[in-house]
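What follows is one structure encoded as structure tokens, with my remarks underneath.
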Amino acid sequence: MRRATVLAALALVAAGAAPAAAHVDVLPTEVAQGEALQFTIRVPTERDLPTTRVRVDFPAQITVYSFAAPPPGWTMRPVRGPDQRFRGVIYSGGEIPVGQYADFHVLGTPFESGTALWKTRQTYADGKVKPWTAAPEEPGQVTEETGPTDPGPAAAVTIAQPGEVVGAGATTTTDDDSGAAIWLGVIAIAISGLSLLALGFLWSTRPARLPGGGEGA
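For the sequence shown, our numbering gives the first residue as 1, with consecutive numbering after it.
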């Protein structure tokens with residue numbers, strides 16, 4: 001337990017020392033193949049200028065079939081491919097102020113397992129376009145901002161195969177943690193057993209009330 005506490009403290013220190021990351025992201029980051037669900041495209045403004053336009057290209061492994069109304073002030077224009085399937089969407093007319101973010105929602109169904117990239121192009125008030133089209137970040141990796149027009153990491157969603165548990169292996173426990181959990185369970189059982197024994201002892205030693213015995217007997 002002491003080692004886990006020290007590691008947690010070191011993690012907090014490392015997080016404070018790491019550069020802030022607020023790149024375009026898509027949630028959830030892990031989904032099941034064949035399951036229809038809502039995807040949230042989260043767009044933060046990282047520069048000292050507001051965001052005025054967002055274009056999102058949908059992954060080939062996900063069929064998007066419906067759109068939620070965009071935030072107030074924004075308009076939405078779906079982009080179709082030659083087969084009339086939705087290939088992307090363009091949000092414009094609104095503004096994401098400095099230091100804030102906006103969420104855009106679509107409904108889709110993943111139909112192929114693997115890693116799906118949501119390539120996004122974010123336009124700022126000065127007309128410069130930030131392409132979030134590069135290789136995605138590795139788990140736990142934090143990529144520094146490279147410039148207003150340099151490619152940044154694309155948002156990635158992992159699609160699990162049919163029957164595979166989404167998020168399996170994401171949560172791990174150390175030997176110390178599992179051992180502590182076992183001992184806590186043993187202690188809880190012991191306390192419960194002692195409580196039952198004490199209750200039985202008190203019940204067996206309580207004064208017996210004789211039949212027909214009143215206060216004046």
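Every residue, glycine too, gets a C-beta built ideally from N, C-alpha and C.
Which class does T120 belong to by DSSP, given the choice of helix, strand or coil? Residue state, collapsed to three classes: strand.
So E30 is in the beta strand (DSSP E); what residue range does that whole segment cover? According to the DSSP assignment, E30 belongs to the beta strand (DSSP E) that extends over E30 to A32.
Rounded to whole angstroms, how far is the Cβ of Y91 from the Cβ of V54, which I believe are closer than 8 Å? A Cβ-Cβ separation of about 5 Å places Y91 in contact with V54 under the 8 Å criterion.
Distance, Cα to Cα, F86 vs A68? Straight through space, the alpha carbons of A68 and F86 are spaced by roughly 14 Å.
Give the range of the beta strand (DSSP E) segment to which A156 is assigned. Element bounds for A156: A155 to A160.
7 Å Cβ shell around V166 - same chain, five flanking residues per side excluded: Excluding positions up to five away in sequence, the list reads E30, V31, A32 and A160.
Buried versus exposed call for P153 [16 or more other C-beta atoms within 10 Å across all chains shown]: Buried, because 16 or more other Cβ atoms sit within 10 Å of the Cβ of P153.
Quick one: is T149 buried, meaning 16 or more other Cβ sit within 10 Å of its Cβ, or exposed? Under this definition T149 is an exposed residue.
Pick from V26, P28 and V43 that is closest to Q100, judged by C-alpha positions: Among V26, P28 and V43, the Cα nearest to that of Q100 belongs to V43.
Use the C-beta contact count for G108: other C-beta atoms within 10 angstroms, 16 or more gives buried, fewer gives exposed. A residue is called buried when at least 16 other Cβ atoms come within 10 angstroms of its Cβ; G108 meets this threshold and is buried.
Local conformation of F86 per DSSP, three classes: In this structure, F86 counts as strand in the three-state DSSP scheme.
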